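Report on one structure; see the data block that follows.
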Amino acid sequence: MLTKRIIPCLDIKDGKTVKGINFINLRDAGDPVELGARYAELGADELVFLDIAATLERRKTLTELVKRIARDINIPFTVGGGIDSASAVEDLLNSGADKITINSSAVKNPGLIDELAVRFGSQCVVLSIDAKRINGVEKVFTNGGRNESEKFLLLWAKEAVERGAGEILLTSMDADGTKNGFAVVTTRTLSEILPVPVVASGGAGKEEHFFDVLTKGKADAALAASVFHFGEIKIPELKKFLKNKGVPVRI
Amino acid sequence: MKIVIIKYNAGNVFSVASALRRLGYDSIISRDAKAIKQADKIIFPGVGEASGAMSFLRETGLDILIPKLEKPFLGICLGLQLLCQYSEEGNAECLGIFDQKAKLFPPGNKIPHMGWNEIKHNGGKLFTGLTDKPFVYFVHSYYAGLSEFTIAETDYILPFSSALRKDNFYALQFHPEKSGKTGEQILKNFIELI
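Going down the list, the sequences are from chains F and E.
Per the numbering used here, residue 62 is the first one in the first sequence, and the count goes up by one each step.
Per the numbering used here, residue 3 is the first one in the second sequence, and the count goes up by one each step.
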């Protein structure tokens, strides 16, 4: 049976992880490669690396980092942050990234999704959407959640999949940082209307939240950052918890 | 031990080479006929689209060379589908090692089949040291059905071949280079036992 995926997300700046890491037995807690390898050993199913300060000059640093990750880590990983062209994607895929994720650049230029899907295949094109409820409807935000776009969540997600996105990474800005749980209803709606996998992000605070979004929320995967980095939720225990409650997970 | 990873326009060659490196093996990434013929082990990875990949193999003559190879040969993901007779993806005539078709998954669940799923294998050499139903990582929309060549099967929407074998030709629908320790063990078995 296909299992539900648990995905830690690592924020990167200048080749280093930026969020505080309260982790065990790490030589260099700021080294994304070592941290990623540790998560892989603990049973993470995939990793996401987001370059939060990505610029053209820094793309080379990111490419080098991606090569190091691919050399050391034996599970799939996605790279994102400031990707706005097919050439940037080509560099990252050739350096060993399995998938790339785009967000603001796709809102600005939706044709980028088509171009990437045709050139590299839908399976490696992940569309990230930051959504926030405004006057009762879910709107799409760009630039790290700073700018409200014209787009509505469900319409945008459907359009993106028709254009060739192979997976949707949904971050609920209303839930993000609250530790009160994922946006279960929104995730479920999205997952039910889309023919591709949906990854839920934002709001993880305890193990039950993962259970809720992977069952009631019908998410194919759940992503979190700080609860893993600070050791508040440990992946092996989380997976045991999910398995005991009947959720198919890889242990 | 000379290992060649065939480089064509549809491969995630760096990840495969990195996985071999972690096992202590160097590999050559090449599409040169001479290098491929001299190899002790040949790996044929693939991420991409079948008809485009086949066009490239025809332009480079690899479509003639590959079926004649006698050394252990391992197709991965698209590599498995290209070793079939035909793929529905772009209506591609393929290499014809396995007399069967690669078909698009029927409706019934999300496509691509993406993530970790179990394989039920035949206990052959390629799977030495593994549990009965280990987890491996899949990303694919097309599949080869069960056949006389099936050496491992997986269930998603329907049961399909997660690994095939005919003589020296082995093929995996999943990505051993991304399948953690299980995947590394399978690659190690291919290099050391086959």
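For glycine and all other residues, C-beta sits at the position ideal for the given N, C-alpha and C.
Predicted model only: the values in this text are computed from it and were never measured.
Between the segment 145 to 161 of chain E and the segment 93 to 112 of chain E, the count of C-beta pairs closer than 8 Å reaches three or more; the two stretches touch. Between E/Ile196 and E/Phe75, the alpha-carbon positions lie close to 10 Å from each other.
Proximity of chain E to F/Pro258 at the Cβ level (cut-off 9 Å) is accounted for by Lys112, Pro114, Met116 and Gly117, in chain order.
For the options F/Glu209, F/Thr64, F/Arg129 and F/Val308, the alpha carbon positioned closest to that of F/Leu96 is the one of F/Arg129. Inter-segment contact for the segment 205 to 223 of chain F and the segment 153 to 172 of chain F is present: three or more beta-carbon pairs are separated by less than 8 Å. Assigned with DSSP and collapsed to three states, F/His290 falls in helix. Rounded to the nearest angstrom, the gap between the Cα atoms of F/Ser148 and F/Ile190 is 22 Å. The Cβ atoms of F/Gly182 and F/Ile163 lie no closer than 8 Å to each other. Residue E/Glu186 holds the alpha-carbon nearest to the alpha-carbon of E/Leu128 among E/Glu186, E/Ser89 and E/Leu82.
Around the beta carbon of F/Gly238, fewer than 16 other beta carbons sit within 10 angstroms, so the residue counts as exposed.
In chain order, Phe202 place their CB closer than 7 Å to the CB of F/Asn208, counting only its own chain and leaving out the 5 sequence neighbours on each side. The residue among F/Ile254, F/Asp106, F/Thr247 and F/Leu111 with its C-alpha nearest the C-alpha of F/Ala261 is F/Thr247. Here the alpha carbon of F/Asn305 sits roughly 26 Å from the alpha carbon of E/Glu155. For a Cβ distance threshold of 9 Å, nothing in chain F lies close to E/Lys9: the least Cβ distance comes to about 11 Å. For E/Glu51, the number of other beta carbons within 10 angstroms of its own is at least 16, and it is reported as buried. Near chain F, meaning a CB-to-CB distance below 8 Å, the residues of the segment 150 to 174 of chain E are Asp157 and Tyr158. E/His177 sits in coil when the DSSP states are folded into three classes, being neither helix nor strand. For E/Thr152, the number of other beta carbons within 10 angstroms of its own is at least 16, and it is reported as buried. When beta bridges are read from the DSSP output, F/Ala283 appears opposite F/Ile67 and F/Ala261. Not a single C-beta of chain E is nearer than 8 Å to the C-beta of F/Arg224.
Taking a C-beta distance under 8 Å as the contact criterion, F/Lys160 and F/Cys185 qualify as a contact pair. According to the DSSP assignment, F/Asp133 belongs to no beta strand (DSSP E) but to the alpha helix (DSSP H) extending over Arg120 to Asp133. Runs of the beta strand (DSSP E) lying entirely within the segment 61 to 140 of chain E and spanning at least 3 residues, in chain order: 75 to 78, 86 to 89, 100 to 106 and 115 to 120.
By the neighbour-count criterion, in which a residue is buried when 16 or more other Cβ atoms sit within 10 angstroms of its Cβ, F/Pro297 is exposed. E/Lys190 counts as buried, since no fewer than 16 other beta carbons sit within 10 angstroms of its beta carbon.
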